[in-house]
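Heads up: the structure comes next, in structure tokens.
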Amino acid sequence: MSSPVSSLFASIRRTAIVALAVATSLATQHATAQDTPLFSGGAGFLTSTNGGKTTYLPIIEPLLAAPIGNHVLIEGRAALVETFAPNSGNQPGYNHTHFIGLTYLQGDYIASPHLTVVGGDFLIPFGTYNERLSPVWINNLQDGPLIAGIGLMSSASGLGGELRGSVISRSKYSIDYTAYFSARSGNEQFNSERSTGGRASLYLPDSRLEVGVSYGRLLQGTQENFIGTHVWWEPKDTAFRLRSEYARGQHAQGYWAEADYRTQAFGGLDSWVGRFEPIFRMQQTFRIDNLASDGVSSHNTQRVDFGLDYNLPHNTRILTSYARQFSSTGNRNIWETGIVYRFLFPAWKGK
Amino acid sequence: MPQSTSMRSLIPALLLSALTAPLLALQPQASTTTPPATPAKQSPKTSAHKQSDGERIFAQNCSRCHTAPDGFSPHISGTVVLHMRVRASLSQHDEQELLHFLNP
């Protein structure tokens, strides 16, 4: 193992041990019958065949949530990934690389019925993918959207503070908000850019419709603005979901729309037929100029994904998909398969 | 670019078909508010009943993003709900109703 990797592992180990020790020792003193700290997350084995070359990706994403009293929650998520990819050129064999890192580690203080104060390393609240869909045990498709990098300031997490909560929640509608400020950090585990932004969403329960807007501003170097909007719709009394996002930065823009469906017509969602989940996603990116600061492809790209997942009992999912990607740099087929197990259990036996 | 152009011309058709095909297949069906399929330990009311606030809140805020876990220990139900309160920006009322749903 090379020394940078060793120091990375050591750094993560130190950070995780300190965070875990503090959270669990405090939580131990305050835990009640229902408030035992939990371990959750996903473990999976994924494969991706792109242009005829297959990459294997074992992954574990553990999540810890430890409440301290009724108003404080310490939570964090990490990713441990090993990538086995074919050697470049025409050389036979595979090489492998490790990645291990904290995705976020934050403390939440519920200050009032309408306000939660978050401090630490948090997921940037731009659009919906980063906060809601990125965990391996949630996402329907292995690959994130092509525009996932827009508004996430390179690191997808911020180091600083965040205010979030429910403005109002009624039976006919609800509005929630998030606003954050992040400082610049070069720490390998808490890397972030100086930025600010937020998101507001309106949800209409009767029509199961959510619309929201996001804004982000990079406050270092060449300052840039990012805007986005999302629409989610889940018709009542169906298991159909439509999710979509549009995002625009100063150098690129794009959108994605994803639909998935599970039928209840043959014995419900837990019948062998109801466990199938077909998915369709389409997306396009448009480069405005050649100054890439957003992780979006340097050429205009279109892509369609056709997925078919199977929701096995015991929190296990099989993911399969075929994608066709069109770009001036070349068109390609992407075949992906995987199996993901979601775990959720108490950190220790509760009182 | 020919491929790009032809792809763009396909896009409206693909989008339309993607959005309409599932809808054509949809028929109003009994209850979709999949209560968390929680066997044994944590077992919300699953029999035919009027949908509770907690069940509605679960369907609207939790299962919109992810499938309900197959089950979990009652010792962590409060932690699960607190975590969801932060993640889904639930109101205090919604948090309490959800906790009651998970721990009837």
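From first to last, the protein sequence lines are chains A and B.
Residues 1 to 351 in our numbering are what the first sequence lists, from first letter to last.
Residues 352 to 455 in our numbering are what the second sequence lists, from first letter to last.
Beta carbons: idealized from backbone N, C-alpha and C, even for Gly.
On a predicted model such as this, the values are computed, not experimentally measured, just so you know.
Asked	Found
Spatial distance of glycine 44/A from threonine 418/B (CA atoms)	16 Å
Near-chain A residues of the stretch 417 to 431 of chain B - C-beta to any C-beta below 9 Å	His417, Thr418, Pro420, Asp421, Gly422, Phe423, Ser424, Pro425, His426, Ile427, Ser428, Gly429, Thr430 and Val431
For proline 62/A, the residue or residues it bridges with in DSSP	Gly41/A
Under 7 Å between C-beta atoms of aspartate 305/A and serine 327/A	no
Nearest neighbour of glycine 352/A, chosen from Glu245/A, Asp309/A, Ile318/A and Asp35/A [CA to CA]	In the structure displayed, chain A extends from 1 to 351; residue 352/A sits before or after that span and is not available.
Below-7 Å beta-carbon distance, glutamine 411/B vs any chain A residue	yes
Candidates Leu218/A, Asp237/A and Leu159/A, of which the one nearest arginine 208/A by Cα	Asp237/A
Residue-level contact to chain B via CB, aspartate 176/A, 7 Å cutoff	yes
Every unbroken beta strand (DSSP E) inside the stretch 245 to 312 of chain A [3 residues or more]	252 to 261, 276 to 287 and 301 to 312
Cβ pair glutamine 367/A, arginine 184/A closer than 7 Å	Chain A is shown only over 1 to 351; residue 367/A falls outside these bounds and no answer can be derived.
Cβ-based contacts, 9 Å cut-off: residues of the stretch 432 to 443 of chain B near chain A	Val432, Leu433, His434, Arg436, Val437, Arg438, Ala439, Ser440, Leu441, Ser442 and Gln443
Distance between tyrosine 177/A and glycine 216/A (C-alpha atoms, nearest Å)	14 Å
Leucine 73/A versus arginine 332/A - alpha carbon distance	45 Å
Interface partners of isoleucine 138/A on chain B, CB under 7 Å	Cys416 and His417
Any C-beta of chain B under 7 Å from that of proline 62/A	no
Contacts around arginine 262/A, its chain only, beta-carbon distance under 6 Å, and the 5 residues preceding and following it disregarded	Ala239, Leu269, Gly274 and Glu277
First through last residue of the beta strand (DSSP E) which encompasses histidine 451/B	From DSSP, histidine 451/B is part of no beta strand (DSSP E) but of the alpha helix (DSSP H) over 443 to 453.
Residues bridged to arginine 77/A (per DSSP)	Leu63/A and Tyr104/A
Contact check, arginine 317/A vs valine 340/A, beta carbons under 7 Å	yes
Collapsed DSSP secondary structure at arginine 170/A in the structure displayed	coil
Contact with chain B by alanine 352/A, beta-carbon distance below 7 Å	Residue 352/A is absent from the structure shown; chain A starts at 1 and stops at 351.
Cβ pair leucine 204/A, tyrosine 255/A closer than 7 Å	no
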